[in-house]
Amino acid sequence: MTVPKSKRKPTTMQFLHTARVLESYCVERWDNSSSTLLREIVLLSVQVHIHASTANSIYPENQGEAKERKKQLKLALASIFSLKHQVSIAYRYQLISTGVVKELNEHIEHEKALLKGILKKDRERYKGLPL
């Protein structure tokens, strides 16, 4: 029996999918831009995806691996915060429109919430791992 899409909860893999969507959104719009600020937005979105996929590839069996996974998730989260800041600057200088900012901020906020949720779950899940 399948669960209707509207009733499904986001899975832990959702953070990786959302990072990929965020990256694609930015790359498709500004990869060839002459604006340094817009290229920085592309690079930050790529970093979010890289750190999220790196964290996702780590299956901790000891505290060191759990710490590395946590580090990668925190780097993805830091890139999200930087990305949000750069988007607000680009909007202030009218490099991107209100509609684009709104859509981009929705992706950013969704990814931020997912990353924070993964960090919280991992704290509980990997608490008792051997050193």
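Numbering (the working numbering), first residue to last: 1456 to 1586.
For each residue, glycine too, the CB sits at the ideal point set by N, CA and C.
Would you identify the three-state DSSP class for residue i, choosing helix, strand or coil?
i     : result
M1456 : Residue placement at M1456 is poorly supported in this model, since its pLDDT is 44, which falls under 50; the coordinates still yield a value, given next. Looking at M1456 - three-state DSSP - the assignment turns out to be coil, as it is neither helix nor strand.
L1532 : helix
E1520 : helix
K1582 : coil
With distances taken from CA atoms, which of the options is nearest residue i?
i     : options             : result
Y1548 : L1492, A1510, G1572 : L1492
L1530 : H1506, I1544, H1540 : H1506
Just to confirm, is the Cβ distance from residue i to residue j under 8 Å?
i     : j     : result
E1478 : S1508 : no
L1584 : A1533 : no
Taking the beta carbon of residue i as the centre, do at least 16 other beta carbons fall within 10 Å, making it buried, or is it exposed?
i     : result
S1552 : exposed
T1524 : The amino acid at residue 1524 is misidentified as Thr; the sequence shows Arg. The residue is buried, with at least 16 neighbouring Cβ atoms inside 10 Å.
L1471 : buried
E1558 : exposed
Can you give me the Cβ contacts of residue i inside the same chain, cut-off strictly under 7 Å, excluding the 5 residues immediately before and after it?
i     : result
M1456 : Low local confidence applies: a pLDDT of 44 at M1456 is under 50, so the model's placement there is unreliable, and no value is given.
L1538 : I1496, L1499, S1500, V1503, I1563
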